[in-house]
Amino acid sequence: MYYGWFIVIGLALVTFLDFGARASFGVYVHEWEKEFETSVGSISAAASIGLVIGGLSSPIYGGLIDRFGGRVVLLSGATLTGIGYILLSFIPSVLFLAVVWGCVIALATGGISVGMTTVTVARWFSRYRGMAMSFILSGAALGGLLL
407 MYYGWFIVIG LALVTFLDFG ARASFGVYVH EWEKEFETSV GSISAAASIG LVIGGLSSPI
467 YGGLIDRFGG RVVLLSGATL TGIGYILLSF IPSVLFLAVV WGCVIALATG GISVGMTTVT
527 VARWFSRYRG MAMSFILSGA ALGGLLL
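All the letters of the sequence shown, read from the start, carry residue numbers 407 to 553 under our numbering.
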């Protein structure tokens, strides 16, 4: 079996967990609203900050993949994302939510975004590139649906 398919399986799992975790943000909004005694708007601001920062970080990660390769960028992004989610369990206020979710997790997930995973897979495949990318995108969609 071609080693590239193992890369696809790993990246599909990464996108499954990444998109699943980010899509579940809304599940926690009302709980955080009660815990931090704040409005839904201030909690949603953390998610908005995260979307902007994550989007702005993509060109930087693209350059890093060109320079260091997908393995380094994806592993560091996945590791930092995990650290961010661990930090999320210790946040004492909505300000720290904005810092952890809006900055730490957003910057980290930029390194494991769909753009970064598809670029990495494109370097492994020429013949079955479309099929390989569809598995990664399916992982992202299933993560949002199932988690």
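Just so it is clear, CB atoms sit at the ideal spot from N, CA and C, and this is done for glycine as well.
Quick check: what's the CA-CA separation for residue i versus residue j?
i	j	result
residue 505	residue 407	43 angstroms
residue 529	residue 479	14 angstroms
residue 442	residue 524	38 angstroms
So, helix, strand or coil for residue i, using DSSP?
i	result
residue 544	helix
residue 465	helix
residue 493	helix
residue 434	helix
residue 445	coil
residue 499	coil
residue 455	helix
Determine, using beta-carbon pairs with one atom in the segment 435 to 449 and one in the segment 471 to 490, whether at least three such pairs fall under 8 angstroms. no
Quick test of the definition: if touching needs 3 or more C-beta pairs under 8 angstroms, does the segment 545 to 552 touch the segment 507 to 517? no
Given 8 angstroms, three or more beta-carbon pairs between the segment 408 to 416 and the segment 530 to 545: yes
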